[in-house]
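Please read the structure below before turning to the comments.
Number of protein chains: 2
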Amino acid sequence: MRRPKDLNTITLADVAREAGVSLKTASRALNDEPYVKEKTAAKVREVMKRLGYRPNELARGLKARKSVAIGMIVPNLSDPFTANAVKAVQEIARTNGHIVILASSGGDAEIERAEILSLIGRQIDGLVLAPAESRRDNVSDILPPGLHVVTYDQPIHGAEFDCVTIPNRRSAKEATQHLLDHGYKRIVAIGARPSLYTCSERIAGYREAMKRAGLDSRTAVVEHESLLTPQWLSDVVFDDHKADAIICMNWVCTMLTLRGLRQIGRRVGVDVPFLSFDDFDLADMMSPSLTAVRQPVEAFGAEAANLLFKKMKGEAGNERRSVILSTELVLRESCGCPHSSSTA
Amino acid sequence: MRRPKDLNTITLADVAREAGVSLKTASRALNDEPYVKEKTAAKVREVMKRLGYRPNELARGLKARKSVAIGMIVPNLSDPFTANAVKAVQEIARTNGHIVILASSGGDAEIERAEILSLIGRQIDGLVLAPAESRRDNVSDILPPGLHVVTYDQPIHGAEFDCVTIPNRRSAKEATQHLLDHGYKRIVAIGARPSLYTCSERIAGYREAMKRAGLDSRTAVVEHESLLTPQWLSDVVFDDHKADAIICMNWVCTMLTLRGLRQIGRRVGVDVPFLSFDDFDLADMMSPSLTAVRQPVEAFGAEAANLLFKKMKGEAGNERRSVILSTELVLRESCGCPHSSSTA
DNA sequence: CTGAAAGCGCTAACAA
DNA sequence: TTGTTAGCGCTTTCAG
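Below, the structure written as structure tokens:
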């Protein structure tokens, strides 16, 4: 004659009582287990529906020692690159019957660590991580053994996680080479957060191209995006380096540089040829349209999530797996190429 | 002498045993409860740290009947409007000690429903929802009583949720009026998903403005974004309606229209004046720059989340609360306004 | 101040 | 085929 203290939550016990079966039978019906007479099962299901029963996943997870949830940690959700990756991960998680707990590090290693701990407390079954830092392994020491992690965008130095990346160095080299082919000599590479793998690799690719052409590298790399101001552009990129072309090493840099250039009165692609590492919506709609290295944004998240679920199901062996996606240099006008009206 | 079956997970019992105290004492220390000798508590904390103990939030939630998690359901993560809202919600959740379970409906009511059920099973403490549908209440009947819901972008007709919106009708009316002030007569309003509140309200605002000017409304609204093709633009917007100006009613429509116009050889803002409901990064960097109605994207998510947490804490009373954020008509060039070099 | 025992909702053993 | 009994990891009575 016990009554649930909270009469708004129906438990499996309520269902069982109402259906006149035992708890375990109700449980079996719920989970479509064998060894339940179909008629009994039907009865139970009917009661469940009638009562609006919803299994408590917390209780299930506690028992099963898993949560049917994966975590995802990203640095910055406003970045369309990130947003699309999240979208892809969320979709694949859904098809695998998992939910996604989304956390944001803001690119800060301490926050990242705290978020990971929080996710671990949630008993996540897997983690997709866009690391806030790539030089130092800020993660491994707090991971419970057996938790699968897939990194994307950046690998973590010294850690043994699966990772989805692009050939940063080669892509940057090719992009730089393209600018060189146009005849520019004082190409300036603009980047931010040099300690990040993507940044340093892309800069390295740039250097290789410049070196091969027998030219000096002109790098303009800020410790943090907030330092990428119009004044800085004017001082460093133009006054110091006398830029005759610019390559920006990621989306944020591109955005800030586009704005900054306008403020200091330099027209992108007209006064100064421009190439962006990271393509985005509308790059093709600007005038002049922006030449860019395109990363397969959705594939990034999709590959990472697929790899994670494969690992979780034990279908992928135990060795570390790296997926390297390919990029595409999308030639438009801002680099100096002639106008083309092809659809991007 | 019982040994955890899974030796990789340390429980509070392990901590208690190691510290030589009872389970409850360890629990008290964990939760900073009073009535624990400071020395005892310190000892427990030391052991926790040494063992790398992490409380199991699933177990906590099961007991406490709450999960310290909120759910968020959005239609489309690639939309920067949505991405920024998610970012804001996630940040505010974090400061309130909650995690965010993110789900995506793809604008489909059935999926939305399934996702809500899944979140309920997770015992979420609150829900931020950008409804997939606004005409029909697809939600209320499955919500457990006591679960707080805040809607944003669209209210749900017939449901009693708190909601964060903008003055859709008035903003659209003002925007249309601005085009009228330029002297355009055959202004075409392009929209998608007419059953959505935002769409119908904005179209209504447009109609009001046209009517006041003594002009016929020329609406071009597709059932679904996928129908907004270049061919359709050519046929409906230009051949049928003889557009001499265009107003697009949301971001997706703007994107598709910009691309479509180019494909059919009409230059935005040059051959055809253009106004976008929804501002975005780079709208100010295009040539001509795009005049747009700007919604406060981050505030959208922030207000929704703040409202939700207030409700959850019982600080907001029980009556329904509506927050109406203000928009701004950002005048740039595509509407026909003279070039201005002000920073957006 | 501290501890023993009960139980959150569910599922895995082990009967019956 | 069904039911009974434990117990997942934690917190909450209620005694010491």
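Chains A and B, in that order, are what the protein sequence lines are. So the mapping is simple: the working numbering equals the position in the first sequence, first residue as 1, plus 476. So the mapping is simple: the working numbering equals the position in the second sequence, first residue as 1, plus 476. Glycine included, C-beta positions come from ideal geometry on N, C-alpha and C. Note that the coordinates shown come from a computational prediction; the quantities given were computed from them, not determined experimentally.
- Query: Rounded to a whole number of angstroms, what is the C-alpha to C-alpha distance between A/L823 and B/L807?
  - Reply: Nothing can be reported for residue 823 of chain A: it is not among the residues displayed for chain A, which extend from 477 to 820.
- Item | Whole-Å CB distance - B/L578 paired with A/L578, under 8 Å assumed | 4 Å
- Message: By the three-class DSSP mapping on this structure, what secondary structure does B/D490 have?
- Response: helix
- Message: Can you give me the C-alpha to C-alpha distance between B/N560 and A/V550, rounded to a whole angstrom?
- Response: In a straight line, the C-alpha of B/N560 is about 13 Å away from that of A/V550.
- Within 9 Å (strictly less), CB to CB, does B/D757 reach chain A? yes
- Query: A/I679 and A/A689: beta carbons closer than 9 Å?
  - Reply: no
- Task: Measure the C-alpha to C-alpha separation of B/G597 and B/D757 and round it to an integer number of angstroms.
- Result: 38 Å
- Message: Measuring straight from C-alpha to C-alpha, what distance separates A/W708 and B/M524?
- Response: Linking A/W708 to B/M524 through their CA atoms gives a straight-line distance of about 48 Å.
- Whose C-beta lies closer than 7 Å to the C-beta of A/Q739 among residues of the same chain, with five residues either side of it excluded? P706
- Beta-carbon proximity check, B/R504 vs B/A517, cutoff 9 Å: yes
- Task: Go through its chain and collect everything with a Cβ distance to A/P620's Cβ below 7 Å, but skip five positions before and after it.
- Result: I596
- Query: Does the beta carbon of B/P556 come closer than 9 Å to any beta carbon on chain A?
  - Reply: yes
- Task: Round the Cβ separation of B/R662 and B/H717 to the nearest angstrom and send it over; I've been treating them as touching at under 8 Å.
- Result: 6 Å between Cβ atoms; contact.
- Query: Nearest to A/T485 by alpha carbon, out of B/E586, B/G622, B/D638?
  - Reply: B/G622
- Task: With DSSP as the reference, label A/V728 as helix, strand or coil.
- Result: Judged by DSSP in its simplified three-state form, A/V728 adopts helix.
- Considering only C-alpha positions, which residue in the set B/V625, B/S498, B/S616 is nearest to B/G634? B/S616
- Message: If I measure Cβ to Cβ from A/P764 and keep anything under 6 Å in the same chain, skipping five residues before and after, which residues do I get?
- Response: Beyond the five residues adjoining it in sequence on each side, A/P764 comes within less than 6 Å, by CB distance, of G745, E809, S810 in the same chain, given in chain order.
- Query: Using 9 Å as the limit for Cβ to Cβ distance, is B/I723 near chain A?
  - Reply: no
- Would B/V626 pass as a contact of B/L784 if the rule is Cβ separation under 9 Å? yes
- Message: Does chain A have any CB closer than 9 Å to the CB of B/A535?
- Response: With 9 Å as the cut-off, B/A535 counts as an interface residue toward chain A.
- Task: Return helix, strand or coil for B/L747, following the three-state DSSP convention.
- Result: According to the sequence provided, residue 747 of chain B is Asp. The question's Leu does not apply to it. If DSSP states are grouped into helix, strand and coil, B/D747 belongs with coil.
- Item | chain A contact residues for B/I666, given Cβ-Cβ distances below 7 Å | In chain order: nothing, as chain A lies at least about 16 Å away.
- Message: Quick check on DSSP: helix, strand or coil for A/T803?
- Response: Three-state result, A/T803: coil.
- Report yes or no: do three or more beta-carbon pairs, one from the stretch 580 to 590 of chain B and one from the stretch 774 to 792 of chain B, lie closer than 8 Å? no
- Between the stretch 585 to 616 of chain A and chain B, which residues of the former have a C-beta closer than 7 Å to a C-beta of the latter? L593, S594, I596, G597, R598, Q599
- Task: Can you tell me the Cβ-Cβ gap for B/P643 and B/T767, rounded? I've got them flagged as a contact below 8 Å.
- Result: Going by Cβ atoms, the distance from B/P643 to B/T767 rounds to 18 Å, so no, they are not a contact pair.
- Task: Report the residue ranges of all beta strand (DSSP E) runs contained in full by the stretch 767 to 798 of chain A; include only those spanning at least 3 residues, in chain order.
- Result: 767 to 770
- Task: Evaluate contact between the stretch 723 to 738 of chain A and the stretch 787 to 802 of chain A, counting only Cβ atoms and requiring at least three cross-stretch pairs below 8 Å.
- Result: Cβ pair count under 8 Å is below three, so no.
- Message: Would A/I618 and A/L603 be called neighbours here (beta carbons separated by less than 9 Å)?
- Response: When the beta-carbon positions are compared, A/I618 and A/L603 stay at least 9 Å from each other.
- Using a Cβ-Cβ cut-off of 6 Å (strictly less than) and excluding sequence neighbours within five positions of B/S647, which residues of its own chain qualify? V769, T803
- Message: Looking at the secondary structure, which residues open and close the alpha helix (DSSP H) in which B/T705 lies?
- Response: From DSSP, B/T705 is part of no alpha helix (DSSP H); its letter is neither H nor E.
- Message: Please state the DSSP three-state secondary structure of A/C675.
- Response: helix
- Proximal residues, the stretch 566 to 585 of chain B versus chain A, C-beta separation under 8 Å: Q566, E567, R570, I575, V576, I577, L578, A579, S580
- Message: Between which two residues does the beta strand (DSSP E) holding B/S580 run?
- Response: 575 to 580
- Query: Any residues in the stretch 494 to 508 of chain A with a beta carbon nearer than 7 Å to a beta carbon of chain B? Which ones, in chain order?
  - Reply: Per Cβ criterion, the list is empty.
- Under 9 Å, do A/L691 and A/I723 count as touching if we go by C-beta distance? no
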